[in-house]
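Engineer: First, the structure itself, so that you have it in front of you.
In this note's numbering, the protein residues as written are 2 to 417.
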């Protein structure tokens, strides 16, 4: 897509990853093939052809705390000599495990080390095709949680809902599990099954749900015109096909000239930042869409593209706890400029920015470097976007095919 700089892409996952990857959850991801971090890592401990390179070569870096890297190698050597099943040790797994532990020590669920297999899966997820259950997961309040089941995908068909807490995967307890570990357990070839032990949000009943994995192919933009003259745009995520699909939707809107527009961002976990800016630009002319804050002194404003073809149409944006990242950027911008009324529940609150550094062996390091602010200067991270009109959608509503959030949007637009 022409709007993306292929050497420096910013995306709006956790996270993350539509097949159950919160490491996609990635509004604001900066892809960089080169850089100081890659250069530094390439000179350190990497295993290639059965030998460990640069062992004990600590270098001359000065640390602000007393750190003796020989301790790392002491533990490494002790494991190699003393571990009961030392003949089964895999040095590369040990090395990658150490790097995963290094990033986990930051206690930031969006700063993660991804080994080459996970890094490849991450790329596939952003492209929009993969095999799995079709759900986004994340860590919320220290519990593995379903962020967004995708429409029509195996997870949703099996009864998985946004906000479901996952307490076990195939019988293995998920306490203290990392997102990457959960992803490995949940993903798998189509036709195979995975059992999630879950508790629905607001319930205390524990239940096992068996899900048959399948190929996940996401068309991220779906549209339809209602008989009452309202135009509904459902956007499931902000991936590689979203801009093209939404541009077609805009052309359709201009052709049918609806009485109002409903933009449904519920359970949308995010995706490319550029796509979020393009979408917001259909209502906002030349103002700031979102601000990237590295520190109080270092901020970067992203401006609208200046089209604003939909600015004169009454608009409602639907959000819920599964709306994250790029979804929150769009909802926050349209809400701050009074271009849309936000209806639903407070969004997830994934407003941090990650850089993705591709490393020398095909692995990747995703690092949180900044936070997103709405045009009014409100921080999205850990807070979310509060709706103008709060409307819940309960399990009973879901089970009885009721949608009070959509009903409220229709009522508001038709009574304007």
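Every residue gets a Cβ at the ideal spot worked out from N, C-alpha and C, and that includes glycine. All values derive from a computational prediction rather than experimental measurement.
Residue 332: buried (16+ other C-beta within 10 angstroms of its C-beta) or exposed?
Structural biologist: In the chain shown, the residue the question calls residue 332 occupies position 331. By the 10 Å Cβ count, residue 332 comes out buried.
Engineer: Considering only the beta carbon of each residue, do residue 1 and residue 265 sit closer than 8 Å?
Structural biologist: For residue 1 there is no data in the structure shown, the boundaries of the chain being 2 and 417.
Engineer: Starting from residue 371, follow the beta strand (DSSP E) in both directions and report where the run begins and ends.
Structural biologist: Here residue 371 is taken as the residue at index 370 of the chain shown, counted from 1. It spans 365-374 - the beta strand (DSSP E) in which residue 371 sits, taken as one unbroken run.
Engineer: According to DSSP, simplified to helix, strand and coil, what is residue 425?
Structural biologist: Not covered by the structure: residue 425. The range shown for the chain is 2 to 417.
Engineer: Is residue 303 near residue 289, with beta carbons less than 8 Å apart?
Structural biologist: Here residue 303 corresponds to residue number 302 of the chain shown, with the count starting at 1. Here residue 289 corresponds to residue number 288 of the chain shown, with the count starting at 1. Against a cut-off of 8 Å, the Cβ pair of residue 289 and residue 303 comes out as a contact.
Engineer: Spatial neighbours of residue 410 within its chain, please: C-beta separation below 7 Å, excluding the five flanking residues on both sides.
Structural biologist: For this step, residue 410 is matched to residue 409 along the chain shown. Here the set comprises 263, 317, 319 and 344.
Engineer: Can you find the residues in the same chain that come closer than 6 Å, C-beta to C-beta, to residue 38, ignoring five residues on each side of it along the sequence?
Structural biologist: Taking the chain shown and counting its residues from 1, the one referred to as residue 38 is at position 37. Unreliable positioning characterises residue 38 in this predicted model, as indicated by a pLDDT of 30, which lies under 50. A coordinate reading is not provided.
Engineer: Using CA coordinates, which residue listed in 222, 161 and 382 is at the minimum distance from residue 325?
Structural biologist: One-based indexing of the chain shown puts residue 325 at position 324. The shortest Cα separation from residue 325 among 222, 161 and 382 belongs to 382.
Engineer: Taking all protein chains shown into account, decide if residue 36 is buried (16 or more other Cβ within 10 angstroms of its Cβ) or exposed.
Structural biologist: Indexing the chain shown from 1 puts residue 36 at position 35. Because the pLDDT at residue 36 is just 32, under 50, the model does not fix this residue reliably, and the point stays unresolved.
Engineer: Would you call the stretch 245-257 in contact with the stretch 221-233, where contact means no fewer than 3 C-beta pairs closer than 8 Å?
Structural biologist: Cβ pair count under 8 Å is three or more, so yes.
Engineer: Got a sec? Which residues, its chain only, sit under 8 Å from residue 350 by beta carbon, not counting five neighbours each side?
Structural biologist: Position 349 of the chain shown, counting from 1, holds the residue named residue 350. Hits under 8 Å: 325, 329, 381, 382, 383, 384 and 385.
Engineer: Can the beta-carbon of residue 206 be found less than 8 Å from the beta-carbon of residue 195?
Structural biologist: Working through the chain shown from its first residue, we reach residue 206 at position 205. Working through the chain shown from its first residue, we reach residue 195 at position 194. Contact: no.
Engineer: Please list the terminal residues of the continuous alpha helix (DSSP H) segment that includes residue 328.
Structural biologist: Start at 1 with the first residue of the chain shown, and residue 328 comes out as number 327. Per DSSP, residue 328 belongs to the alpha helix (DSSP H) from 327-337.
Engineer: Report the option in 299, 295, 415 and 282 whose CA atom is closest to the CA atom of residue 308.
Structural biologist: As a position in the chain shown, residue 308 is number 307, starting the count at 1. Selected option, being the one with the closest Cα: 282.
Engineer: Per DSSP, which one or two residues make a beta bridge with residue 395?
Structural biologist: Taking the chain shown and counting its residues from 1, one reaches residue 395 at position 394. Answer is none; residue 395 lacks a bridge partner.
Engineer: Might you give, ordered along the chain, the residues of its own chain that have their beta carbon closer than 7 Å to the beta carbon of residue 209, omitting 5 neighbours on each side?
Structural biologist: Taking the chain shown and counting its residues from 1, one reaches residue 209 at position 208. Closer than 7 Å at Cβ, skipping near neighbours: 196 and 198.
Engineer: Apart from the five residues on each side of it in sequence, which residues of its chain come closer than 6 Å, Cβ to Cβ, to residue 404?
Structural biologist: The residue given as residue 404 occupies position 403 in the chain shown. Excluding residues within five positions, none has a Cβ falling inside 6 Å.
Engineer: When the cut-off is 8 Å and only beta carbons count, does residue 311 lie next to chain D?
Structural biologist: The structure shown contains no chain D, having only a single protein chain.
Engineer: Straight-line CA distance for residue 369 to residue 110?
Structural biologist: One-based indexing of the chain shown puts residue 369 at position 368. One-based indexing of the chain shown puts residue 110 at position 109. Distance between the alpha carbons of residue 369 and residue 110: 9 Å.
Engineer: Are residue 133 and residue 98 closer than 8 Å when you measure CB to CB?
Structural biologist: As a working mapping, residue 133 is identified with position 132 in the chain shown. As a working mapping, residue 98 is identified with position 97 in the chain shown. For residue 133 and residue 98, no; Cβs fall outside 8 Å.
Engineer: Who are the near neighbours of residue 416 in its chain, counting only those whose CB is closer than 6 Å to its CB and skipping five residues on each side?
Structural biologist: Here residue 416 refers to the residue found at position 415 when the chain shown is read from its first residue. Excluding residues within five positions, none has a Cβ falling inside 6 Å.
Engineer: Can you tell which of 201, 124, 96 and 117 has the C-alpha that lies nearest to the C-alpha of residue 147?
Structural biologist: Residue 147 sits at position 146 when you count from the first residue of the chain shown. When each option's Cα is compared against that of residue 147, the closest is 201.
Engineer: In the DSSP assignment, what are the bridge partners of residue 166?
Structural biologist: The residue labelled residue 166 in the question sits at position 165 within the chain shown. In DSSP, residue 166 forms a bridge with 146 and 200.
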